[in-house]
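**Student:**
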Amino acid sequence: MLLDVKGLRVAYRTIYGNLEAVRTLDFALEKGESVAIVGESGCGKSSLGHAIVRLLPPNATYEGKVMVEGKDVFALKGKQLRAYRGNEAFMIFQDPLNSLNPVKRVDRQMLEAIRTKRTMQGEAYDEEEATKAALDGLRGVRMPDPEVILRRYPHELSGGQIQRVVIAMALVMKPKLLIADEPTSALDVTIQAQVMKLINELKAEYGMSVLFITHDMAVAYTVADRFLVMYAGELSELGPVDKVVTKPLHPYTVALVNSIPHKSKKEGDLISIPGSPPNMLAPPSGCRFHPRCPKVMDVCGTVNPEIKQVEDRLLRCHLYD
Ligand code: SF4
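Residues in the sequence shown are numbered from 164 upward in steps of one, following this note's numbering.
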C-alpha cells in the first residue's frame, strides 16, 4: 500500500466560525493505482490533497493519520518534509501560476527541482543532463518550442503553457504519488487527452500512484481505477470506475453520473442536481445530502449513515443499511 488515510479531519478557522472541510475520511491507495476524487466544488477534494502534501494554510486544523509507504506525513519536519514534497508526493495545483516563482525563468525553476531531487537521493547533479531532462519533460507535454519556453518567465506564458510546465515538472520528478488537482482545466481538449495519456504512461512505466482531483467524471474516467465520490467533506461512494459509472449506487453518485454529457444522450437526458452544496459552516444534520436527495427517508434527516461495504464498494447511505 502506498497511501493510507485514516480518520482524516480538516477544518478552517474563519471569522464566521469553524468550517469543516473534510470529516473523518478513510481510504487507501495501492502502488501504481489511481483514484479519482470527484464531487462538486467545496466537497473537500482539494483540502484532502493539500493535507496529503502538508500544504494546508495556517488557519487549518487537522487530525487523523496520513501514511505514505509507512511514513507518518503529519510527523515530518524540516528537511524530511522538503524531501517528501516533490520526491515522494508531488501536487499539481488547480491554479498553475501559484506553482511557479514569477521572478525566475522556467529553466531555473525546473533545474532547481531536479537538483533538489538529485541531492536528496545522494546523486551527482549535472546541469547539461538536467537541462536535457527538463526539455524531455516539456516535450512530454507536447510543448511547442521547448528551448524557447525554458528561457521564459511565467508572465510570458499563457495559462495553458504554465499548466504544461508544471505537469512537465511532475514528469521530470517522477514522484511515487502524484496529486493532480484539476490539472487539465486550463487546457484545450486535445492537450487534455494527451496529458491524461501521459499520466497513464507514467503510471504504467514507473508504478506511480495518482490521486486525481476533479469535478469532471468524464475526464477522470480515462485515468482512474477507482472513483472516490465525496459530498460535503465525507465519502459517499468508493468503487471501481466501470461499476460506479455503469451502476452507481449512492443517490449522489447517480445524480453526478446523470449530469455527465455524452453524445449518446438525447435532449432531456442531462439532469442537473437540484439545490446547492451545503454551507460547511453549518452543514445539515443527518445525511448531508438529504436536502437534495430524491430518495430521502425519515431517518436521513437525523442520523448520518455509517459507511458500509456493499460488494466491492464502500457506501454511506441508509438505503444500504
Ligand atoms: Fe439519500 Fe438518505 Fe441515502 Fe442520504 S442516506 S443519500 S438522504 S437515501
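All C-beta atoms in this analysis are idealised placements derived from N, C-alpha and C, irrespective of residue type, glycine included. Bear in mind the structure is a predicted one, so any value in this text is a computation, not a measurement.
Can you say whether Asp484 is buried or exposed, counting buried as having 16 or more other CB atoms within 10 angstroms of its CB?
**Tutor:** The residue is exposed, with fewer than 16 neighbouring Cβ atoms inside 10 Å.
**Student:** Report the CB separation of Gly464 from Ser448 in whole angstroms; it is logged as a contact under 8 Å.
**Tutor:** Indeed they touch by this definition, with Cβ atoms about 6 Å apart.
**Student:** Nearest by alpha-carbon distance to Thr347: which of Thr224, Phe256, Leu239 is it?
**Tutor:** Considering only alpha carbons, the answer is Phe256.
**Student:** Near Glu203, which residues of its chain fall below 7 Å by C-beta distance, leaving aside the five closest residues on each side in sequence?
**Tutor:** Contacts found: His378, Pro440.
**Student:** According to DSSP, simplified to helix, strand and coil, what is Gly464?
**Tutor:** DSSP places Gly464 in helix when its eight states are reduced to three.
**Student:** Thinking C-beta only, is Ala246 closer than 9 Å to Ala174?
**Tutor:** Not closer than 9 Å, so no.
**Student:** Could you pull the start and end residues of the beta strand (DSSP E) that Gln472 belongs to?
**Tutor:** Here the beta strand (DSSP E) through Gln472 covers 470-473.
**Student:** Distance check for Cys456 and Cys450, CA to CA, integer angstroms please.
**Tutor:** Distance between the alpha carbons of Cys450 and Cys456: 9 Å.
**Student:** Determine which residues share a DSSP beta bridge with Leu340 and list them.
**Tutor:** Ala252, Ser372.
**Student:** Please determine if the segment 327-339 and the segment 368-378 are in contact, where contact requires at least 3 C-beta pairs separated by less than 8 Å.
**Tutor:** Contact holds: three or more Cβ-Cβ distances are below 8 Å.
**Student:** Determine, using beta-carbon pairs with one atom in the segment 272-289 and one in the segment 318-335, whether at least three such pairs fall under 8 Å.
**Tutor:** Yes, the segment 272-289 is in contact with the segment 318-335.
**Student:** Near the ligand SF4, which residues have their beta-carbon closer than 7 Å to a heavy atom?
**Tutor:** For the ligand SF4, the selected residues are His413, Pro414, Tyr415, Cys450, Phe452, His453, Cys456, Lys458, Val459, Met460, Cys463, Pro468, Cys480, His481, Leu482.
**Student:** Report the residue from Thr187, Ala214, Asn467 whose alpha carbon sits nearest the alpha carbon of His453.
**Tutor:** Ranking Thr187, Ala214, Asn467 by Cα distance to His453 puts Asn467 first.
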